[in-house]
Amino acid sequence: MKDTYTSIECDSLIFDIEFHPKVDMICAGSFDGNIILYKRKEDKKDFKKKHIIQNHDKAVKYVCFSKKGKEILAASSDNSCSITDISGVCIWNNICHKNSISSILYSSNHTFITADEVGYVKHWDIRDNTKKPIHKMKCFNDNITSMLMDHDEKSIIITCGGQLGFFDILYKKNITSNNISNEYNDEFLCSNLMVHNSKIVTTTLNGNISIFSKNPWGYMEGKIKASKDAISTFVKFDDYHIFFGTSDGFIKTAQIKPSKLGETFSKHNNKESIEKLSINKNKNLLAQISNDYSINFYQIEINNSIISNAIKKKKKKFIYIMMIIYITNL
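Residue 2 is where the sequence shown starts when you use our numbering, and the numbers rise one by one after that.
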C-alpha cells in the first residue's frame, strides 16, 4: 500500500514554498504577509501547522532556508527582507530595494543576496548594524529571475532575460563580474547546477529546458522543447533528472544527459499554472503550489524499469541510463 499525503489548505494565496534541508518541514510565504511553517510527524502522512510568523505587512513572495535550516530568509512585495529563526523570532528586517525583489539567496550563515526587477544585486551581512549592503552591483537592466551558488560557494550564477552571468562575491568592496554570456532569444526563469556541477540547466518562457556549459561559459549544449508555454519552476532530483511544472498545469520529468523528455505524472485539477515545486531532503516527496490556496504533495518512487513516454501521441519507450523515476500521484 502506497503512502497518501494530505494537501494543506491555506487561508491565503501561497506565493512560495521550500522544504527544510534536514527534516520534513515546509515553509510557505503567503499573500497576507505571513511566513507559515508546517511539520510532518514521523510515520504521519499529513503536515501540521507549527508556526505563523508575522514579519511583513504585505505579501511574502519568496522564502528560503539557510543551509543548516536554522533560519528563514523571506522577501516581501514591500521590498523588505527578514530573517527569522525556526521558532519564529525575527533576527533581522530591512527595506532592501527600491524596486520589486525578484530573487533571494543565502550565501553563508550570516550573509545573503537579493536581486530586483531592474537588475540590481545586493549582498547583505546581518552582523552589520548599519543595515547597508556590503556589496552592490548593476550588470543587467532587466528582471533577475534566478540566482544560485556555484559549488565552491565563492561565486554566484545569475539569470536575467536570455543571459547567464557568473560573479565572484568574496571581494570586500564589490561583486566582480567574471563572465556574462551572449543573449539568447528566450527568457530564463529558473536554474540549477546539474551533471556533477558541470552544466547549468534553465527552464524558459518559451517552454524549453536549456543546457549550458560552464567552460566555455554560457555555451548552449542542448535544448529540450518540453512545453508549449512557460516553465516557471523545476527541481533537481539527481545529477541527471529533474521534475518541472508547466503553465498549463502539468508536472513532468526530464533527463538532462542524454536529453530526453520523461513522463507526465501529475496535473492540477483545474489546470492552473504550476508556480513552484520543492523536493524534500530524502527525495521521496514533491510539493507543489499553483494560483490557489493549496499545497499539494506527491510521493516519488524509484524503480529500475522502462518508462512509457505518454506525452507524445505515439507512445515511445526509452530506458534511462541512470536509475528510472516512477512517480505516483496520490
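No residue lacks a Cβ here, since even glycine has one placed at the ideal position from N, Cα and C.
{"Query": "Assigned secondary structure, C140 (DSSP; H/G/I helix, E/B strand, else coil)", "Result": "coil"}
{"Query": "Distance, R41 Cα to K49 Cα", "Result": "6 Å"}
{"Query": "Which listed residue (S81, T204, Y220) has its alpha carbon closest to that of T234", "Result": "T204"}
{"Query": "Helix, strand or coil at Y207 [DSSP, three-state]", "Result": "In the sequence as displayed, the identity of residue 207 is Asn instead of Tyr. Looking at N207 - three-state DSSP - the assignment turns out to be coil, as it is neither helix nor strand."}
{"Query": "Environment of S81 [buried if 16+ CB atoms lie within 10 Å]", "Result": "buried"}
{"Query": "Nearest-angstrom beta carbon gap, I210 and A227 [assumed within contact, 8 Å]", "Result": "5 Å"}
{"Query": "Nearest-angstrom beta carbon gap, Y294 and S13 [assumed within contact, 8 Å]", "Result": "7 Å"}
{"Query": "Best match in Y185, E184, I170 for proximity to S178 [C-alpha to C-alpha]", "Result": "I170"}
{"Query": "Three-state secondary structure assigned by DSSP to A75", "Result": "strand"}
{"Query": "Entirely enclosed alpha helix (DSSP H) segments - the segment 22-104, minimum 4 residues", "Result": "none"}
{"Query": "Through-space distance from A75 to N193, alpha-carbon basis", "Result": "20 Å"}
{"Query": "8 Å contact criterion, which D17 and G34 should meet: CB distance rounded", "Result": "Not confirmed; about 13 Å, so no contact."}
{"Query": "Bridge partners - D17, DSSP secondary structure assignment", "Result": "G30"}
{"Query": "Outcome for S291 when other beta-carbon atoms lying within 10 angstroms are tallied against a minimum of 16", "Result": "buried"}
{"Query": "Top-ranked residue by Cα proximity to N216, from C97, I201, A255", "Result": "I201"}
{"Query": "Top-ranked residue by Cα proximity to D129, from F113, C28, D117", "Result": "F113"}
{"Query": "Buried/exposed call for I307, threshold 16 Cβ in 10 Å", "Result": "In this predicted model, I307 has a pLDDT of only 34, less than 50, meaning its place in the structure is not dependable enough to derive any value."}
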